[in-house]
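A.B. asks: Residue numbers (UniProt numbering): 1 to 481.
Mind looking over this structure? Questions follow.
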Amino acid sequence: MNVTMIGAGRVGLVGAACLAELGLNVHCVDKMAKRIDGLREGTMPFREPGLAELVRKNARAGRLSFSTSLDEAVDRSLVLFIAVGTEDEAPGRPNLKDLFEVGRQIARVMKEYKVLAIKSTVPPGTARRLAAELKNEAAPAFDIVSNPEFLREGSAIENFMRPDRVVLGGNSQYALAIMRDIYRPLYLSETPIVTTDNDTAELAKYACNAFLSVKISFINEMANICDSLGLNVSDVARVLGLDRRIGPKFLHAGPGFGGSCLPKDTRALIAAARGAGCEVPVVEGAYRTNQALRAYLVDQLKSVVGPLGGRLIGVLGLSYKAGTDDVRESPAMEFVRLLLEEGATVQAFDPAANGAISAALEHDRLRVVSDPYEAAAHADAVTILTEWGEFRDLDLRKLQNAMDGNVIQDTRNIFRPDMAVAHGFVYLGRGRGTHGVRKEPRSPSPPDRSEAANGRPPVESAAAAGGAFTVTMAGPEEDAP
1 MNVTMIGAGR VGLVGAACLA ELGLNVHCVD KMAKRIDGLR EGTMPFREPG LAELVRKNAR
61 AGRLSFSTSL DEAVDRSLVL FIAVGTEDEA PGRPNLKDLF EVGRQIARVM KEYKVLAIKS
121 TVPPGTARRL AAELKNEAAP AFDIVSNPEF LREGSAIENF MRPDRVVLGG NSQYALAIMR
181 DIYRPLYLSE TPIVTTDNDT AELAKYACNA FLSVKISFIN EMANICDSLG LNVSDVARVL
241 GLDRRIGPKF LHAGPGFGGS CLPKDTRALI AAARGAGCEV PVVEGAYRTN QALRAYLVDQ
301 LKSVVGPLGG RLIGVLGLSY KAGTDDVRES PAMEFVRLLL EEGATVQAFD PAANGAISAA
361 LEHDRLRVVS DPYEAAAHAD AVTILTEWGE FRDLDLRKLQ NAMDGNVIQD TRNIFRPDMA
421 VAHGFVYLGR GRGTHGVRKE PRSPSPPDRS EAANGRPPVE SAAAAGGAFT VTMAGPEEDA
481 P
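Right under this line is the structure:
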């Protein structure tokens, strides 16, 4: 079967490569000529493990091709997948301009029956609106199937090839049968195929992401309580996760959720509910909790380091999660912005997203560096914001020796508190309290030997920062490295 994937972004390109791997002939179309040229040469427009190899393999086999010509692709394909971006044009209001424009273009060139499968995440009612647009363009016979995607960046290929379920929304049994045939190879892994109407499929995608948002915000609220009471959120999460009604996934306290999906889709569900005359206070509360987390983490850092004006903070991790270079609505990016607003100087490093932060956030007190130890050089504190595997393997003694201070804020709980303290750190975790003894910060050097001459701002006095303190160290945790 010949199919077309319209959009070569994170959803479209992964979907095109995986459909080709399932044996279909896939034509991937995107209006960005530079992106298409790069894909023809085997260059990926973003980071996703295993994607480059899958694209090159299926392109060599002749099952995957790339083009900027939508007209040609429409002529050659029975099913047209639409995977264009729907980023917010205003909070809670997805921009559907590209989706409707693609629909109108298809209607103008199609000569026979087609199935349009919407993979983009859209509000309930979008498929009906798109059908009306096509009818206004006097399109020949067609059906629209809502086929939302449930990919996670960093494991997108695995998610596509071994999904928890495939959702197909539509009113035409003929179109649904065609779509089931496309996904037939997944029957070998006993993947459930859920069929429903378009509107329900569209809402179900929002509901899934909003529920994950609620779960993440819930465990982060528990972490805040644990910080206040001196308790252990990892043990709380373990007790919760062992309950089969709850499960362990998405119960890891951290800096909050980000990326291109959860924040946007949570806002969109809230807006859709209000548009229907409903309220969703649980979802709204989860979103507010998430938005407040970065300020909470800055305050946590200030409670140990003192006022951040003139301080040097090393930041490890900029992407919103490990395995991707995506910094869209990244908690790390918001944290860095808040540090800069407080007057701190930031040295930041990410294994994949250095270029992205340089493009997204320019500031004369922000320096993007090439390795984690450079980020820690002369720092008063180091904050870990993304759970990259290489950060777990850091030489803590080397990291501490590079710093002027000795505070490590581990928002992903990748280190054991006792291990950090043994290497001379004051350790701040998520829902783990504070452990260790703070080293007295350096006083500003005389003018002829100033710290500024070495490229770092002068630090405040120990008195201004609150001096040294001692806290009781808790025992190690079972799930920490």
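Here a beta-carbon is modelled for each residue, glycine too, at the ideal position from N, C-alpha and C.
(1) For a minimum of 4 consecutive residues, which ranges assigned as the alpha helix (DSSP H) are wholly contained in the region 346-405?
(2) Please tell me whether Ile313 and Leu297 are closer than 9 Å, where the distance is taken between their beta carbons.
(3) When we look at the beta-carbon of Gly103 and count the other beta-carbons within 10 Å, is it buried (16 or more) or exposed?
(4) Straight-line CA distance for Val79 to Ala177?
(5) Over what stretch of residues does the beta strand (DSSP E) that includes Phe142 continue unbroken?
(6) Please classify Pro457 as buried or exposed, where buried requires at least 16 other C-beta atoms within 10 Å of its C-beta.
(7) Using beta-carbon positions only, say whether Ala138 and Asn198 come within less than 9 Å of one another.
(8) Pick out the complete alpha helix (DSSP H) segments inside the region 12-76, 4 residues or longer, and give them in chain order.
(9) For the pair the region 371-382 and the region 324-337, tell me if three or more CB-CB distances fall below 8 Å.
(10) Assuming Val122 is part of the beta strand (DSSP E), what are its boundary residues?
(11) Assign Gln173 to buried or exposed, taking buried as 16 or more other Cβ atoms, counted over all protein chains shown, within 10 Å of its Cβ.
(12) Looking at the structure shown, is Val3 part of a helix, part of a strand, or coil, going by DSSP?
(13) For Ala207, which residues from the same chain have a beta carbon less than 8 Å from its beta carbon, with the 5 sequence-adjacent residues on both sides left out?
(14) Roughly how many whole angstroms lie between the Cα atoms of Arg274 and Pro307?
(15) Measuring straight from C-alpha to C-alpha, what distance separates Arg10 and Ala52?
(16) Compare the Cα-Cα distances from Gly15 to each of Lys264, Phe425, Phe160 and Ile216 and report the closest residue.
(17) Would you tell me roughly how many angstroms separate the C-alpha atoms of Leu229 and Arg244, rounded to the nearest one?
(18) Give me the Cα-Cα distance between Thr195 and Arg152, rounded to the nearest whole angstrom.
(19) Indicate the three-state DSSP secondary structure (helix, strand or coil) for Glu133 in the structure shown.
(20) So the candidates are Ser146, Pro351, Asp395 and Pro263; which of them puts its Cα closest to the Cα of Glu87?
(21) Return the first residue and the last residue of the beta strand (DSSP E) that Leu80 is part of.
(22) Once DSSP output is grouped into helix, strand and coil, what is the label at Gly455?
(23) Using DSSP's beta-bridge definition, name the partner residues of Gly314.
(24) Looking at the secondary structure, which residues open and close the beta strand (DSSP E) in which Val407 lies?
(25) Tell me whether Glu101 sits in a helix, a strand or coil according to DSSP, three-state version.
(26) In terms of alpha-carbon separation, which member of Ile216, Cys226 and Ser146 lies closest to Thr200?
(27) In angstroms, rounded to a whole number, what distance separates the CA positions of Ala131 and Ala353?
(28) Can you give me the C-alpha to C-alpha distance between Val304 and Arg432, rounded to a whole angstrom?
(29) Cutting at 8 Å between CB atoms, please list the residues of its own chain near Gly12, excluding the five before and the five after it.
(30) My parser needs the beta strand (DSSP E) runs of 3 or more residues fully inside the region 141-191; what are they?
(31) Below 8 Å CB to CB, which residues in the same chain sit around Arg35 once its five sequence neighbours on both sides are set aside?
(32) In angstroms with no decimal places, state the Cα-to-Cα distance between Ala107 and Thr191.
(33) Leaving out five residues before and five after Arg267 in sequence, what residues of the same chain have Cβ atoms less than 8 Å from its Cβ?
(34) Is it true that the CB of Val369 sits closer than 9 Å to the CB of Gln347?
(35) Would you decide whether Glu362 is buried or exposed? Buried here means 16 or more other CB atoms lie within 10 Å of its CB.
(36) Can you tell me the Cβ-Cβ gap for Lys215 and Leu251, rounded? I've got them flagged as a contact below 8 Å.
C.D. replies: Result, derived from the coordinates:
(1) Within the region 346-405, complete alpha helix (DSSP H) segments of at least 4 residues are found at 354-360, 372-376, 389-392 and 396-402, given in chain order.
(2) Not in contact: Ile313 and Leu297 (Cβ atoms no closer than 9 Å).
(3) Result: buried.
(4) Whole-angstrom Cα-Cα distance: 12 Å.
(5) Unbroken beta strand (DSSP E) run through Phe142: Phe142 to Ser146.
(6) Interpretation of Pro457 is limited by its pLDDT of 40, a score under 50 that renders its predicted location unreliable; no figure is taken from the coordinates.
(7) Going by C-beta atoms, Ala138 is not nearer than 9 Å to Asn198.
(8) The alpha helix (DSSP H) runs lying completely inside the region 12-76 and spanning 4 residues or more are 33-40, 51-60 and 70-76, given in chain order.
(9) No, the region 371-382 does not touch the region 324-337.
(10) Careful: Val122 lies outside any beta strand (DSSP E) and carries neither H nor E.
(11) By the neighbour-count criterion, in which 16 or more other beta carbons inside 10 Å mark a residue as buried, Gln173 falls on the exposed side.
(12) Look at Val3 here: in three-state DSSP terms it is strand.
(13) Hits under 8 Å: Leu269.
(14) Taking the straight line from one Cα to the other gives about 41 Å.
(15) Straight-line spacing of the CA atoms in Arg10 and Ala52 works out to 12 Å.
(16) Closest option to Gly15, judged by alpha-carbon separation, among Lys264, Phe425, Phe160 and Ile216: Phe160.
(17) Cα to Cα, Leu229 sits roughly 27 Å from Arg244.
(18) Spanning the two alpha carbons is a distance of roughly 22 Å.
(19) Reduced to three states, the DSSP call for Glu133 is helix.
(20) Nearest to Glu87 by C-alpha distance, out of Ser146, Pro351, Asp395 and Pro263, is Pro263.
(21) Here the beta strand (DSSP E) through Leu80 covers Val79 to Ile82.
(22) Note on Gly455: pLDDT 42, under 50, position unreliable in the model; the coordinate value appears next. Coil, per DSSP.
(23) Gln347 and Val382, per the DSSP bridge assignment.
(24) Counted as a single uninterrupted DSSP element, the beta strand (DSSP E) harbouring Val407 occupies residues Val407 to Asp410.
(25) It is helical.
(26) Minimum Cα distance to Thr200 is reached at Ser146.
(27) Taking the Cα positions, Ala131 is about 39 Å away from Ala353.
(28) Going from the Cα of Val304 to the Cα of Arg432 covers about 15 Å.
(29) Excluding the 5 residues flanking it on each side, Gly12 has same chain C-beta neighbours closer than 8 Å at Met5, Ile6, Cys28, Asp30, Phe81, Ala83, Val84 and Lys119, in chain order.
(30) Counting whole runs of 3 or more residues, the region 141-191 contains the beta strand (DSSP E) stretches 142-146 and 166-169.
(31) Ala8 and Pro45, listed in sequence order.
(32) Each residue's alpha carbon lies about 33 Å from the other.
(33) Counting only Cβ-Cβ distances below 8 Å, and skipping sequence neighbours, we find Asp88, Pro91, Gly92 and Tyr287.
(34) Yes, they are a contact pair.
(35) Under the 10 Å beta carbon count, Glu362 is surrounded by fewer than 16 other beta carbons and is classified as exposed.
(36) Yes, they are in contact, since the Cβ atoms of Lys215 and Leu251 sit about 7 Å apart, within 8 Å.
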